[in-house]
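K.L.:
Protein chains in written order, with the numbering used here: chain A, 22 to 780; chain B, 990 to 1148.
Glycine residues also receive a C-beta, built at the ideal position from the N, C-alpha and C atoms.
This structure is a prediction, so every number in the text was calculated from the model and none was measured.
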Ligand code: FES
Ligand code: FES
């Protein structure tokens, strides 16, 4: 866990870069922290959702009378109880969302578009009664042909999911609807000319399956809605302001009628950046006049919440004999699930980011009869990196150049024109590659049947809107109030930045996450933005409070504010300001009532100056030639964090991203039967990595400070899921000599490839 | 449906509750006794978030029916700390950042305590296999395994 230093003059910090215990930790190890499903209210009912048994069908009729007649059933909701929503693009989610689609995903209207699509919901006195009531809702369906695969969905005779869907982004505009929602294209230079001039060209087609974010906490909500039309919602999500806005939109309410209280969140990884149950719980509560709790089963989580896209990527890349990439072209097809909105746009943007090359990519967003995809950690990027980094590896081998050297030869750096538009600002791509090359792992010996792979990864990171307030109590302690659910230790990093700003002990800072009515607006916890952007809001709010503290000290001393400086938690006269005794935070706070009232710092901002980030991973695998089983035996992740506020949680993000990426590479996939039913909707058959599947995951934090943040922070949460798939695949290629281009690299698939190569 | 009366012992205290005959111990703990520290990740015995020690054995409480708790001794995450003191496992989990979202943490603590109670000096591999029934999607397990090994050393008086 070394830290490579790259900053020029290293500032000295008291808290930044240390590893204090997180402020919310004790409740979490004692079992006292309240997650989504832990909330309960007196008189609460239990809500459950009836889901489609078909992948594609017209809803002919729904008869809820049988359920409503049952003892203990208090309300039933179908699409009839929700307003029809006009098409409108949402600006606040992570990834493209259309409110009309969102409404129809929350509750099917006219048609069901995937197995598991919600068609009705009930509220009853107990979960068991609610379950029985679902069986008494009669739905008549007219079953329609379905399409599960992005390739099939594009064929001219494929069943259409939406007869009003015309491909956007093609000229001339198509006259017939199709399952291709949109096309995007982006690039730099003339890659075809470069490809024609190349000494070596590699052309490959890659496929990846849908995978689930796999957060351990299923979606859960408790809602009350009174006769005055005001609702309170307790839910775990990646953004309670998102829940408020989405529920208001989908239910035709004002945002001021809804208060959302954030529960602790048991993992999200992008999958909790939208609503599923929340609007239904509000309507059920409004109809029944009682609080309603809804908790998804794991099976529902798999069948009805956001997987990541299945993809097909075709890539051509060429280079000169001496290892200079001359051009690349990619065609990406991403499945969006039942409604448009895969992350193919982000994939098209990120794919070539580590390289200073002429390249072009075109992406297609394709609807199929599967659940609508949701964001998953660096949405769209890991699959694209699988393609690019595999081909880069092959080209390096053709040139006989060390793969890290090859990447360094072509690395993007400050001032380079990216393929997605802007020129790169200060980035740590080269530094991470150099740190990987210098790591002992890179040169360590390998045992028989073992192989080593390396891969780069990139993510933009997010800025967006954040707010924070800082309240100084009269004992000189500080409450930092922000509005982003803490998904992995962000309270700790916000408290540390506040302690640093005030120059006080971290024990005197109380970081709180407030409900939607108690703090200014905050965009989602997503895009690796919280420590960066909300951190920036906290820093600004602290500076606002410190300015007020200096003003108060100036008033007490009868000097101008310029005569007062702030350091180590106290106001001091500036040099030459005479022999005044410093006033501590507590001294000033105690006198607040007489010097102008409570001291409250505020900041609301749109964070600019996002620091894009890169990672390089080295992976060793051992492949069992008899069974095809791949074991990861050693792993090192190197990443530019800008500055690690709390290094343990930065390492944790890196290690967690690696584990998810390794699962994606080796095991995880949605399996469907011919009727469009997911066959493995549980953790027994959808196998995520367990402790015995993985080695320790070594981490190297590179720090190339982001000039756009007061402490140099870049986002860290998403980059580490980008390199693992190609790092594993490159390691398998090195161990077996076989280039695998289809995920997952599960034992049967690897064994088949080995058998085939033996002839 | 008539509710069942169950008399049991939870974290050393005699407890009575009423439950439905088909209700799981997990649901009874959470919904009848408000002991919500025990979590549900799957309800099918695949994630370990609901881990409890039941009559001395580590179990998934989602796979036990509540009426089976009649006369049994149940230990949950709420009983791991004693007399206002965190257990070394809880302390090491905090100090070594072995939790991110923390939803898996109660299950890991219960399972790790069960392991160390029976094997005070496990190897890394033994820890990994003993905790293989507990899923964590956030941490990649690295810091969890280290925290358990360091707790074991402390409990043996080596740290
Ligand atoms: S909830 Fe019992 S094992 Fe997952
Ligand atoms: S810390 Fe989130 S699942 Fe383990």
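(1) Give the residues from the segment 495-518 of chain A that approach chain B closer than 7 Å (Cβ to any Cβ), ordered along the chain.
(2) Under a three-way DSSP split, which group does residue 343 (chain A) fall into?
(3) Nearest-angstrom Cα distance between residue 158 (chain A) and residue 396 (chain A)?
(4) Does any CB atom of chain A fall closer than 8 Å to the CB of residue 1011 (chain B)?
(5) Any idea if residue 657 (chain A) is buried or exposed, counting beta-carbon neighbours within 10 angstroms, 16 or more meaning buried?
(6) In the structure shown, what three-state DSSP assignment does residue 158 (chain A) receive?
(7) Pick out every residue whose C-beta is nearer than 6 Å to a heavy atom of ligand 3: which are they, in chain order?
(8) Please list, in chain order, all residues of the same chain as residue 270 (chain A) whose beta carbon is under 6 Å from its beta carbon, the five residues on each side excluded.
(9) Once DSSP output is grouped into helix, strand and coil, what is the label at residue 28 (chain A)?
(10) Of the residues B:1085, B:1055, B:1027 and B:1068, which one's Cα is nearest the Cα of residue 1009 (chain B)?
(11) Mind pulling the chain C residues with CB within less than 8 Å of residue 49 (chain A)?
(12) Mind reading off the beta-carbon distance from residue 232 (chain A) to residue 685 (chain A)? Whole number of angstroms is fine, and I expect it under 8 Å.
(13) Closer than 7 Å between beta carbons: that is the criterion. Which residues of the segment 1095-1120 of chain B meet it against chain A?
(14) Ligand 1 and residue 785 (chain A): does any heavy atom of the ligand fall closer than 7 Å to the residue's C-beta?
(15) Where residue 1102 (chain B) and residue 574 (chain A) are concerned, what is the direct C-alpha to C-alpha distance, given to the nearest angstrom?
(16) What do you get for residue 434 (chain A), buried or exposed, if any count of 16 or more other CB atoms within 10 angstroms of its CB means buried?
(17) Going by DSSP, name the residue or residues bridged to residue 1003 (chain B).
(18) In whole angstroms, give me the CA-to-CA distance for residue 164 (chain A) and residue 79 (chain A).
(19) Out of curiosity, what's the CA-to-CA distance linking residue 717 (chain A) and residue 655 (chain A)?
(20) Does at least one heavy atom of ligand 1 sit under 7 Å from the Cβ of residue 950 (chain B)?
(21) Are residue 296 (chain A) and residue 98 (chain A) closer than 8 Å when you measure CB to CB?
(22) Looking at the unbroken beta strand (DSSP E) that takes in residue 474 (chain A), where does it start and where does it end?
(23) Measuring from the CB of residue 1037 (chain B), is there a heavy atom of ligand 1 at a distance below 7 Å?
(24) Closer than 8 Å is the cut-off here; do at least three beta carbon pairs connect the segment 1056-1071 of chain B with the segment 255-271 of chain A?
(25) For chain B, find out if any of its Cβ atoms is closer than 8 Å to the Cβ of residue 317 (chain A); answer yes or no.
(26) Roughly how many whole angstroms lie between the Cα atoms of residue 1131 (chain B) and residue 103 (chain A)?
(27) Using the beta-carbon of each residue, which ones in chain B are nearer than 8 Å to residue 428 (chain A)?
(28) Residues of chain B with a CB under 9 Å from the CB of residue 170 (chain A): which are they?
(29) What residues from chain B crowd round residue 647 (chain A), counting only those whose CB sits closer than 9 Å?
(30) Hey, residue 401 (chain A) and residue 750 (chain A): beta-carbon distance below 8 Å or not?
(31) Which residues in chain B sit within 8 Å of residue 321 (chain A), going by Cβ to Cβ distance?
(32) Report yes or no: do the segment 243-255 of chain A and the segment 300-320 of chain A share at least 3 C-beta pairs separated by less than 8 Å?
(33) Step through the CB atoms of chain B and report whether any lies within less than 8 Å of the CB of residue 25 (chain A).
(34) Cα-Cα, which of A:408, A:368, A:363 and A:406 is closest to residue 391 (chain A)?
(35) Is residue 1034 (chain B) a contact residue of ligand 1, with contact defined as CB to any heavy atom under 7 Å?
(36) Would residue 81 (chain A) and residue 162 (chain A) be called neighbours here (beta carbons separated by less than 8 Å)?
P.N.:
Looking at the atomic coordinates:
(1) 508, 509 and 510
(2) Here residue 343 (chain A) refers to the residue found at position 322 of the first chain. Coil, per DSSP.
(3) If you number the first chain from 1, residue 158 (chain A) lands on position 137. If you number the first chain from 1, residue 396 (chain A) lands on position 375. Each residue's alpha carbon lies about 32 Å from the other.
(4) Reading the second chain from its first residue, position 22 is the one you call residue 1011 (chain B). Closer than 8 Å: yes.
(5) The sequence position of residue 657 (chain A) within the first chain is 636, counting from 1. It is buried - the Cβ of residue 657 (chain A) has at least 16 other Cβ atoms within 10 Å.
(6) Position 137 of the first chain, counting from 1, holds the residue named residue 158 (chain A). Coil.
(7) No copy of ligand 3 occurs in the structure displayed; its ligands are ligand 1 and ligand 2 alone.
(8) As a first step, residue 270 (chain A) must be located in the first chain, where it is residue number 249. Counting only Cβ-Cβ distances below 6 Å, and skipping sequence neighbours, we find 120.
(9) The sequence position of residue 28 (chain A) within the first chain is 7, counting from 1. Because residue 28 (chain A) sits at a pLDDT of 43, beneath the cut-off of 50, its placement in the model cannot be relied upon, and the following sentence gives the value as read from the coordinates. Coil.
(10) What you label residue 1009 (chain B) is simply residue 20 of the second chain in a count that begins at 1. Out of B:1085, B:1055, B:1027 and B:1068, B:1055 has the C-alpha closest to the C-alpha of residue 1009 (chain B).
(11) The displayed structure is made up of protein chains A and B, and chain C is not among them.
(12) Stepping through the first chain from its first residue, residue 232 (chain A) is reached at position 211. Stepping through the first chain from its first residue, residue 685 (chain A) is reached at position 664. Confirmed, about 5 Å.
(13) Those would be 1095, 1098, 1117, 1118 and 1120, in chain order.
(14) Within the shown structure, residues of chain A are numbered from 22 to 780, placing residue 785 (chain A) beyond reach of any answer.
(15) The residue labelled residue 1102 (chain B) in the question sits at position 113 within the second chain. The residue labelled residue 574 (chain A) in the question sits at position 553 within the first chain. If you take the alpha carbons of residue 1102 (chain B) and residue 574 (chain A), they lie about 53 Å apart.
(16) Start at 1 with the first residue of the first chain, and residue 434 (chain A) comes out as number 413. Result: exposed.
(17) Taking the second chain and counting its residues from 1, one reaches residue 1003 (chain B) at position 14. According to DSSP, residue 1003 (chain B) bridges with B:998.
(18) By one-based count along the first chain, residue 164 (chain A) stands at place 143. By one-based count along the first chain, residue 79 (chain A) stands at place 58. Rounded to the nearest angstrom, the two C-alpha atoms are 6 Å apart.
(19) Numbered from 1 along the first chain, position 696 holds the residue referred to as residue 717 (chain A). Numbered from 1 along the first chain, position 634 holds the residue referred to as residue 655 (chain A). Cα to Cα, residue 717 (chain A) sits roughly 7 Å from residue 655 (chain A).
(20) As displayed, chain B neither begins before 990 nor continues past 1148, which places residue 950 (chain B) out of reach and without an answer.
(21) Working through the first chain from its first residue, we reach residue 296 (chain A) at position 275. Working through the first chain from its first residue, we reach residue 98 (chain A) at position 77. Their beta carbons are not under 8 Å apart, which means residue 296 (chain A) does not touch residue 98 (chain A) by this criterion.
(22) The residue labelled residue 474 (chain A) in the question sits at position 453 within the first chain. Unbroken beta strand (DSSP E) run through residue 474 (chain A): 471-480.
(23) As a position in the second chain, residue 1037 (chain B) is number 48, starting the count at 1. Yes, since a heavy atom of ligand 1 falls inside the 7 Å radius drawn around the Cβ of residue 1037 (chain B).
(24) no
(25) Mapped onto the first chain, residue 317 (chain A) falls at position 296. So no, residue 317 (chain A) is outside the interface.
(26) As a first step, residue 1131 (chain B) is located in the second chain; it is residue number 142 there, counting from the start. As a first step, residue 103 (chain A) is located in the first chain; it is residue number 82 there, counting from the start. Rounded to the nearest angstrom, the two C-alpha atoms are 46 Å apart.
(27) Walking along the first chain from the start, residue 428 (chain A) turns up at place 407. Here the premise fails: no neighbours, minimum Cβ distance about 24 Å.
(28) The residue labelled residue 170 (chain A) in the question sits at position 149 within the first chain. In chain order: nothing, as chain B lies at least about 27 Å away.
(29) Your numbering for residue 647 (chain A) matches position 626 in the first chain. Against residue 647 (chain A), chain B offers no close residue; the least beta-carbon distance is about 22 Å (beta-carbon pairs closer than 9 Å).
(30) Here residue 401 (chain A) refers to the residue found at position 380 when the first chain is read from its first residue. Here residue 750 (chain A) refers to the residue found at position 729 when the first chain is read from its first residue. Residue 401 (chain A) places its beta carbon 8 Å or farther from that of residue 750 (chain A).
(31) In the first chain, residue 321 (chain A) corresponds to position 300, counting from 1. The contacting residues do not exist; residue 321 (chain A) stays about 11 Å from chain B at best.
(32) Segments in contact, yes.
(33) On the first chain, residue 25 (chain A) is found 4 positions in, with the first residue counted as 1. Per-residue confidence for residue 25 (chain A) stands at a pLDDT of 41, beneath the threshold of 50, marking its modelled position as unreliable; the derived number appears in the next sentence. Chain B, which has no Cβ nearer than 8 Å to the Cβ of residue 25 (chain A), makes this no.
(34) For this step, residue 391 (chain A) is matched to residue 370 along the first chain. The residue with the shortest Cα to Cα distance from residue 391 (chain A) is A:363.
(35) Walking along the second chain from the start, residue 1034 (chain B) turns up at place 45. Yes; taking the cut-off as 7 Å, the Cβ of residue 1034 (chain B) has a heavy atom of ligand 1 nearer than that.
(36) Taking the first residue of the first chain as 1, we reach residue 81 (chain A) at position 60. Taking the first residue of the first chain as 1, we reach residue 162 (chain A) at position 141. It is a contact, given that the beta carbons lie within the stated cut-off.
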